[in-house]
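Asker: Quick one: structure below, then a few questions.
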Amino acid sequence: MPVGSRSEDGDCTGRGALPLRAGLALSGDDGCIALARRHAADFLTRLREGSGPPISPPIVGMVQLIVSELVTNALKHAPGPVLMELRVTGAGLEIVVGDSSPTLPSAQPADPGRVGRHGLEIVRAIAQDVVVQRLALGKRVTARIALTDSPASGTVRTSPPRGARPS
4 MPVGSRSEDG DCTGRGALPL RAGLALSGDD GCIALARRHA ADFLTRLREG
54 SGPPISPPIV GMVQLIVSEL VTNALKHAPG PVLMELRVTG AGLEIVVGDS
104 SPTLPSAQPA DPGRVGRHGL EIVRAIAQDV VVQRLALGKR VTARIALTDS
154 PASGTVRTSP PRGARPS
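Sequential numbering of the sequence shown, starting at 4, is according to the numbering used here.
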């Protein structure tokens, strides 16, 4: 179940200015991964209906898959709430998931015999870019995806915390 949610839609009716971002806090209760996926699909629907870019069903499915994988990993490996934010950036979308664990995820080498632990591998395969950041209290994973059909580059970067000096 959601702890809380917010959406910046421009007005109360959902019409008018495009929704540029939407956030959701998840407590980890049963059904919260499905809730996160629905939240993402609803956000993309509002975006498309508000004169946004034409967003194809495969793009919606890829966004929902990224949301599912990132939220599942955060709920599985971190205590406390998980925060998700969707942000429109030009012709793209950032899917941001933050949690309280300081342990950074890492993609495992491809292994068709391994059961589980494929989440970041899947996200990296379909996102254009994945950035993992350690924060003062936890971490944030940001996956970027084009809102129009285009091939993914599948890069993963780890960035230092804000304010940290390069070594």
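Where a beta carbon is used, it is the ideal one built from N, C-alpha and C, also for glycine.
Can you tell me whether Gln111 is buried or exposed, with buried defined as 16 or more other CB within 10 angstroms of its CB?
Answerer: exposed
Asker: Under the rule that 16 or more other beta-carbon atoms within 10 Å means buried, what is Val100, buried or exposed?
Answerer: buried
Asker: One question on the structure: do Leu27 and Val66 come within less than 8 angstroms of each other, judged by their Cβ atoms?
Answerer: 8 angstroms or more divides the Cβ of Leu27 from the Cβ of Val66.
Asker: Mind checking Pro105: buried by the 16 CB within 10 Å criterion, or exposed?
Answerer: exposed
Asker: Using a Cβ distance threshold of 8 angstroms, determine whether the segment 117-126 contacts the segment 67-84, with at least three qualifying pairs required.
Answerer: Yes, the segment 117-126 touches the segment 67-84.
Asker: Pro108 and Val91 - do their beta-carbons sit closer together than 8 angstroms?
Answerer: no
Asker: Mind checking whether Asp152 and Ser59 have CB atoms under 8 angstroms apart?
Answerer: yes
Asker: Taking the alpha-carbon of Leu68 as reference, which of Arg49, Arg51, Pro84 and Ala44 has the nearest alpha-carbon?
Answerer: Ala44
Asker: Could you spell out the range, first to last residue, of the beta strand (DSSP E) harbouring Thr145?
Answerer: Gly141 to Ala149
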